[in-house]
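Structure, as structure tokens:
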Amino acid sequence: MLSKHGQKLAADMNLLPYPKEGFLCGKIGDIPVIIGELPDQRLVVRLWAKPGDAAPSKELEDFLRMELPDLPKGFQCKREEYGWAFLLPPMMYRKKLETIHSLFGALSQYFSENGMVPCCAHCGSPEPAGLYQCGEGAASFCENCAAECSQALQSAAAERKNKPGNLLLGLIGAVIGAVPGVVLWLLIYRLGYIAAVCGLLLAFGAVKGYSILGKRLDKKGTVVSVIVSVVMLTAALMLCYGWALYDVFGPEGFSFLDCILAVPTTLAVYPEILASFVGEFIIGLLLTGVGSFASVKRLYQQANPSTAFRKLV
3 MLSKHGQKLA ADMNLLPYPK EGFLCGKIGD IPVIIGELPD QRLVVRLWAK
53 PGDAAPSKEL EDFLRMELPD LPKGFQCKRE EYGWAFLLPP MMYRKKLETI
103 HSLFGALSQY FSENGMVPCC AHCGSPEPAG LYQCGEGAAS FCENCAAECS
153 QALQSAAAER KNKPGNLLLG LIGAVIGAVP GVVLWLLIYR LGYIAAVCGL
203 LLAFGAVKGY SILGKRLDKK GTVVSVIVSV VMLTAALMLC YGWALYDVFG
253 PEGFSFLDCI LAVPTTLAVY PEILASFVGE FIIGLLLTGV GSFASVKRLY
303 QQANPSTAFR KLV
């Protein structure tokens, strides 16, 4: 998703925003350019160009170093096969806008002075058809490479759809993956706290465990993993309350297992304990949801990458 700063940057730089995809696109002269946001708040600027009739008078990296001596620390310029990628470190919005303005101005000057022409990101053809969204990213393609990319995405989607998954093994994997979260929950609860990190570990472990043993993380697998997370959260609280009972009745000869098995009866007989259990369960559920939503979503997206393909500009 494109952040608010990203959308503001699109307006200030006269670029086309694609909020759901998380990038901006436009041109520097005739050269296609994409600006994407990374999870660590860095920006990546990518463009595709090659020399025209004559070789450039100097390398782009040297030109930028001379023209823009005040580029922020952490700025990187990486040469790719048929273009460049520029990494901009996290910074305040005003500084970010100034840096991109300066960078685009210098790039425009360099391209003009050296007769650079736009090209295909895949084959280097000097006649790209335009910028295309290709799955999770975007690039400049000629017509032939655009068709190949579209076909490759369709084939990958069909392969994932036909890939067999194993619900039973996935369920077992989800339970095993959630165990570390249950253990951490129990230990932190004994200290008198409930922490979101426990819910994160529990839910993340369930989803990851399902994907490893189930071989395929689809919507069904995600739902199963979420259900397992809720069940394991309940089990964690049952263990916590059973341990509390053991602290009281253990010296009288009751085993830890006896105390665990006595938890349902205790909750049924003592309304105040049941109210405490339900309250802590709701808090735990909220913390698990808040702590794990982004990570679980990222795991699902990694297992099911976008197959969208369309022309942008």
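First residue of the sequence shown? That's 3 in the numbering used here, and the numbers climb one at a time after it.
All C-beta atoms in this analysis are idealised placements derived from N, C-alpha and C, irrespective of residue type, glycine included.
Computed from a predicted structure; not experimentally measured.
Membership of Tyr84 in any alpha helix (DSSP H) is not indicated, and neither H nor E is assigned to it by DSSP. Annotated three-state conformation of Glu39 is strand, per DSSP. For the pair Ala180 and Ser257, the CB atoms are not nearer than the 8 Å cut-off.
With respect to the 8 Å criterion, Ala141 and Ala123 are classified as neighbours on the basis of their beta carbons.
Taking C-beta atoms as the reference points, Asn16 and Pro58 fail to come closer than 8 Å.
When DSSP states are grouped into helix, strand and coil, Ile284 belongs to the helix group.
Runs of the beta strand (DSSP E) lying entirely within the stretch 42–80 and spanning at least 3 residues, in chain order: 45–49, 51–53. In the same chain as Val119, and ignoring 5 residues on each side of it, the C-beta atoms closer than 6 Å to its own belong to Gly54, Pro128, in chain order. In the structure shown, Tyr134 falls within a strand segment according to DSSP collapsed to helix, strand and coil. Burial is judged here by how many other beta carbons sit within 10 angstroms of a residue's own beta carbon; Gly183 has at least 16 and is buried.
In this model, Ile178 and Gly211 are separated by some 7 Å (Cα to Cα). Contact between the stretch 281–288 and the stretch 186–206 is present: three or more C-beta pairs spanning the two stretches fall below 8 Å.
Here the C-alpha atom of Asn146 lies approximately 11 Å from the C-alpha atom of Gln153. According to the DSSP assignment, Tyr20 belongs to the beta strand (DSSP E) that extends over 18–20. Look at Pro166 here: in three-state DSSP terms it is coil, with no helix or strand label. For Leu215, the three-state secondary structure derived from DSSP is helix. For the pair Val46 and Leu18, the CB atoms are not nearer than the 8 Å cut-off.
With a cut-off of 8 Å on Cβ pairs, the stretch 84–101 is in contact with the stretch 38–45, counting three or more such pairs.
Beta-bridge partners of Phe311 (DSSP): Cys136. Around the beta carbon of Val280, a 10 Å sphere encloses fewer than 16 other beta carbons of the protein chains shown; the residue is thus reported as exposed. Secondary structure of Gly107 (DSSP, three-state): helix.
By a beta-carbon distance limit of 8 Å, Ala51 does not contact Ile37. Their separation comes to about 16 Å.
Its chain contains Val265 as the residues whose beta carbon lies nearer than 6 Å to that of Tyr243, once the 5 sequence neighbours on both sides are disregarded; these appear in chain order.
Only residues of its own chain outside the window of five on either side were considered, and among them Cys144, Cys147 have a CB closer than 7 Å to the CB of Cys125, listed in chain order.
Here DSSP, grouped into helix, strand and coil, assigns Gly28 to strand. DSSP lists Leu133 as the bridge partner or partners of Ser142. Secondary structure note for Pro120: its beta strand (DSSP E) is the uninterrupted segment 118–120.
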